[in-house]
Amino acid sequence: MRFSALGDILMTVPVVDALARQYPETTITVVSRAFVGSIFRRLPSNVQFIGVRLDNYPGVLGLSRLVKELCEKAQPTQVCDLHDVLRTKLMRPMFRLRGIPTCHIVKDRKARKAFVRNRPLTQQETSFERYTKALERAGFPVKLDPSVRFCQKPEKTESVKHTLRVGIAPFAAHATKIYPLDRMEQVVSLLNRRGAKVYLFGAGGGEEALTRVWASRYENVESVVGTLPDMAAEMELMASLDVVLAMDSSNMHLAALTPTRLLSVWGATHPKGGFLPWGRDESCCVQRDLDCRPCSIYGNKPCKFGDCRCMDIPVEEIVSKLCE
Numbered sequence: 186m187r188f189s190a191l192g193d194i195l196m197t198v199p200v201v202d203a204l205a206r207q208y209p210e211t212t213i214t215v216v217s218r219a220f221v222g223s224i225f226r227r228l229p230s231n232v233q234f235i236g237v238r239l240d241n242y243p244g245v246l247g248l249s250r251l252v253k254e255l256c257e258k259a260q261p262t263q264v265c266d267l268h269d270v271l272r273t274k275l276m277r278p279m280f281r282l283r284g285i286p287t288c289h290i291v292k293d294r295k296a297r298k299a300f301v302r303n304r305p306l307t308q309q310e311t312s313f314e315r316y317t318k319a320l321e322r323a324g325f326p327v328k329l330d331p332s333v334r335f336c337q338k339p340e341k342t343e344s345v346k347h348t349l350r351v352g353i354a355p356f357a358a359h360a361t362k363i364y365p366l367d368r369m370e371q372v373v374s375l376l377n378r379r380g381a382k383v384y385l386f387g388a389g390g391g392e393e394a395l396t397r398v399w400a401s402r403y404e405n406v407e408s409v410v411g412t413l414p415d416m417a418a419e420m421e422l423m424a425s426l427d428v429v430l431a432m433d434s435s436n437m438h439l440a441a442l443t444p445t446r447l448l449s450v451w452g453a454t455h456p457k458g459g460f461l462p463w464g465r466d467e468s469c470c471v472q473r474d475l476d477c478r479p480c481s482i483y484g485n486k487p488c489k490f491g492d493c494r495c496m497d498i499p500v501e502e503i504v505s506k507l508c509e
């Protein structure tokens with residue numbers, strides 16, 4: 186079970202894939218938000234997916250009904266909670282009352298708080314490692330292969346062979362993780378002048394509106410927000426590109442599942458906090474070495490200076506790294 190955040194759900198994909206391949210006789214049922222199902226359905230045939238709309242299961246009685254339904258649909262012999270929040274903490278004893286053993290991820294919140302306060306920064310355990318340790322406690326040790334990707338890179342046609350194709354995902358869940366949007370538009374403009382084809386990724390609402398404005402201003406810029414049928418199609422598009430530029434966000438983690446080169450911009454958070462994208466290292470990160478970084482593990486706290494100086498990164502630097 187893992188219900189949020191989207192980036193954390195996507196980080197379970199390599200772990201579930203390794204589990205399925207190394208235990209082919211075991212049926213694994215992933216329980217998560219319905220809209221991520223298209224990604225998990227690409228995994229081996231012994232992986233099943235149940236999409237859940239949590240608003241339909243309010244309160245303790247609602248969770249009890251959800252547990253009952255999951256037991257009927259999946260008939261689990263064991264439950265692994267990869268979320269460990271209040272909702273899943275309440276669900277675990279409900280499973281155990283039905284005779285189903287449970288295990289859960291250990292987040293080590295104390296170590297994460299110390300990470301934000303202390304210098305020098307020390308590498309924290311990654312989410313991938315935390316997930317695998319939870320499975321090991323359940324009796325299913327798995328070995329991860331960081332070279333594995335979950336989407337093939339299509340062969341380029343002759344017509345696009347010499348054109349740089351760039352995906353840009355300029356948004357994130359928290360403002361402190363977003364490169365200033367006026368500067369990001371300058372990145373788009375510079376790439377456009379260099380003849381690159383730019384695809385803009387995002388979610389609905391204001392993100393869709395802004396990407397459509399940018400697309401209307403520049404000849405070779407296209408917004409794909411709201412145009413793709415599901416998340417797997419978004420991943421396939423990313424796989425066809427030469428490089429993806431993203432924030433510390435769910436789109437960063439989605440792009441990391443593909444063979445495409447990835448460049449990510451980090452502001453209030455830090456890659457050593459445990460959320461580096463799958464199969465990548467800090468060489469894919471653009472960041473500033475400031476004593477005030479990181480403000481927090483998740484980027485959900487306001488900048489104490491009020492100016493997000495960690496995002497004071499020259500536009501030319503980002504464009505240069507993309508072209509490299």
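Heads up: the sequence shown at position 297 corresponds to 482 in my numbering, and the numbers run straight through without jumps.
Quick reminder that beta carbons are idealized off the backbone N, C-alpha and C, glycines included.
When you compare only the Cα positions, how much space is there between residue i and residue j?
i, j, result
"isoleucine 285", "threonine 211", "16 Å"
"valine 264", "aspartate 293", "20 Å"
"isoleucine 194", "cysteine 508", "30 Å"
"serine 408", "glutamate 393", "8 Å"
"proline 339", "aspartate 415", "19 Å"
"proline 243", "glutamate 254", "14 Å"
"serine 249", "alanine 299", "36 Å"
"aspartate 330", "proline 209", "17 Å"
"arginine 378", "valine 428", "17 Å"
"glycine 452", "arginine 446", "20 Å"
"glycine 491", "isoleucine 290", "34 Å"
"glutamate 467", "threonine 311", "13 Å"
"alanine 259", "lysine 457", "36 Å"
"lysine 274", "threonine 214", "19 Å"
"aspartate 266", "leucine 461", "21 Å"
"alanine 418", "glycine 390", "20 Å"
"serine 374", "leucine 320", "46 Å"
"valine 327", "leucine 413", "33 Å"
"alanine 441", "glycine 247", "35 Å"
"leucine 475", "methionine 420", "33 Å"
"arginine 304", "lysine 341", "46 Å"
Who does residue i pair with in a DSSP beta bridge?
i, result
"isoleucine 235", "Val216"
"valine 301", "The partner list for valine 301 (beta bridge, DSSP) is empty, contrary to what the question assumes."
"histidine 289", "Asp266"
"cysteine 470", "Ser449"
Check whether the Cβ atoms of residue i and residue j sit closer than 8 Å, and answer yes or no.
i, j, result
"serine 401", "leucine 191", "no"
"leucine 228", "aspartate 202", "yes"
"leucine 366", "leucine 395", "yes"
"valine 504", "leucine 385", "no"
"leucine 448", "methionine 423", "no"
"valine 252", "phenylalanine 234", "no"
"arginine 322", "glutamine 309", "no"
"valine 500", "arginine 368", "yes"
"glutamate 205", "asparagine 231", "Correcting the residue type first, residue 205 is alanine in the shown sequence and not glutamate. Their beta carbons are under 8 Å apart, which means alanine 205 touches asparagine 231 by this criterion."
"valine 216", "methionine 186", "yes"
What is the C-beta distance between residue i and residue j, in whole angstroms, given that I count them as a contact (C-beta under 8 Å)?
i, j, result
"cysteine 495", "arginine 473", "5 Å"
"lysine 486", "cysteine 480", "5 Å"
"arginine 283", "cysteine 256", "6 Å"
"valine 511", "phenylalanine 313", "Look at the range of the chain in this structure, 186 to 509, and you will see that residue 511 is not part of it."
Are there any heavy atoms of the ligand ADP lying less than 7 Å away from the beta-carbon of residue i, as far as the coordinates show?
i, result
"leucine 267", "Judged by which ligands are present, the structure shown has none, so any question about the ligand ADP falls away."
3 or more residues per run - each beta strand (DSSP E) lying fully within the stretch 385-464:
406-408, 428-432 and 446-450
What runs of the alpha helix (DSSP H), each 4 residues or longer, lie entirely inside the stretch 316-389?
366-378
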